[in-house]
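Notes for the one structure printed next.
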Amino acid sequence: MSTKDLNNFEKNIGYFFKDQDHLKIALTHKSYIDENPKFLTNQRYEFIGDTILDFDISIFLFNSYPNLDEGSLTKIRSGAVDQNALVDIANKIEIGDYLFLSKAEDSTGGRKKSSILEDAVEALIAAIYFDGGLEEVNKFVSKFIYPLIDNLSKNPGQKDYKTRLQEYFAKNGQKVNYESKSTGPDHNKEFQASVFLENKVIGKGKGKSKKNAEQMAAKNAFSDLD
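So in our numbering the end of the sequence shown lands on 1119, straight run, no missing numbers.
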């Protein structure tokens, strides 16, 4: 990928890097180093970006919604940074088009995989932090994430998908169960969860925690009921 291409991506996000190496790391998926071992992957950046994003949004929520309790603030924050939200942002800024992937990953649709896009957005936030500091991160988050928060704040007490799915089937005397497993190293685990109804899988989901993966499985199951 040429520097010109990265410049186009910088236009998409509204931030121009002083040191473009930060951006290159953020865009480098772990599969790429199989063919290009001298590159650094975005895994460590993703770890930092996740923390910085939570911090930025926590401060914003604390200052903007003084009347909401801790539980409501936590639900809003979770909704603003879940996989669906970050994938939506990834698509808006077209980050998938600029990722460094192995040929194998690219050929199997890696540029559109939710888990890869989610990680890339978090790694991008870390790259902006390393290059420009929290102020520049805040500008990015203000532009692409804060608009989501207004809708979430209007109904902070909405039940999560696991609760809604459980209540839906409880009306008929039925109960759902979950099974989950994890893959990857301790510092970058990915969880996969399946939700069962009478031994039949009715939904699957992925996430960075068991809880998030189960919520995504429940959400996918619930969407099929509509």
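C-beta: ideal position from N, C-alpha, C; glycine also. As the structure is a computational prediction, the values presented were derived from the model and not from experiment.
Let me check you understand the geometry: is the CB of residue i closer than 6 Å to at least one non-hydrogen atom of the ligand FMN?
i, result
"I926", "The model on display carries no ligand, and the ligand FMN is accordingly not part of it."
Can you check which of these residues, the options, is closest to residue i by C-alpha distance?
i, options, result
"G989", "V974, D1012 and G972", "D1012"
"D943", "I1018, A919 and Y991", "I1018"
"S924", "I952, T1001, V1094 and F910", "T1001"
"Q1059", "N1081, Q1108, G1025 and N1031", "Q1108"
"E939", "S1008, V1034, E1015 and I906", "E1015"
Might you give, ordered along the chain, the residues of its own chain that have their beta carbon closer than 8 Å to the beta carbon of residue i, omitting 5 neighbours on each side?
i, result
"A973", "I950, I1038, L1041, I1042 and L1045"
"L966", "S951, L954, F955, Y958 and P1049"
Within its chain, find whatever has a CB closer than 7 Å to the CB of residue i; leave out the 5 residues flanking it on each side and keep chain order.
i, result
"A1106", "S1073, F1084, Q1085, A1086, G1098, K1099 and G1100"
"S895", "Caution is warranted here: a pLDDT of 48 is assigned to S895, below 50, making its placement in the model unreliable, and no coordinate value can be reported."
"S1116", "none"
"N901", "none"
When you compare the CB positions of residue i and residue j, do they come within less than 7 Å of one another, or not?
i, j, result
"L1010", "V980", "yes"
"A919", "A1020", "yes"
"N1113", "F1089", "no"
"T934", "I941", "no"
"F928", "S995", "The amino acid occupying residue 928 in the given sequence is Glu; Phe does not appear at that position. For E928 and S995, yes; Cβs fall inside 7 Å."
"A1111", "K1055", "yes"
"H915", "D1053", "no"
Ignore the nearest five residues each way along the sequence and tell me which others in residue i's own chain have a CB closer than 6 Å to its CB.
i, result
"E903", "F909"
"K1082", "S1075"
"Y1022", "I945 and V1030"
"N1034", "It is Val, not Asn, that sits at residue 1034 in the sequence shown. Here the set comprises D949."
"K1093", "none"
**Q.** Contained alpha helix (DSSP H) runs [length at least 4] in the segment 981 to 1065, N- to C-terminal order
**A.** For the segment 981 to 1065, the continuous alpha helix (DSSP H) assignments of 4+ residues that do not extend past its boundaries occur at 996 to 1000, 1007 to 1025, 1027 to 1037, 1039 to 1046 and 1054 to 1063, in sequence order.
query = Whole alpha helix (DSSP H) runs in the segment 906 to 939 with 4 or more residues, listed along the chain?
reply = Annotation note: the segment 906 to 939 contains the following uninterrupted alpha helix (DSSP H) runs of length 4 or greater, listed N- to C-terminal: 913 to 919.
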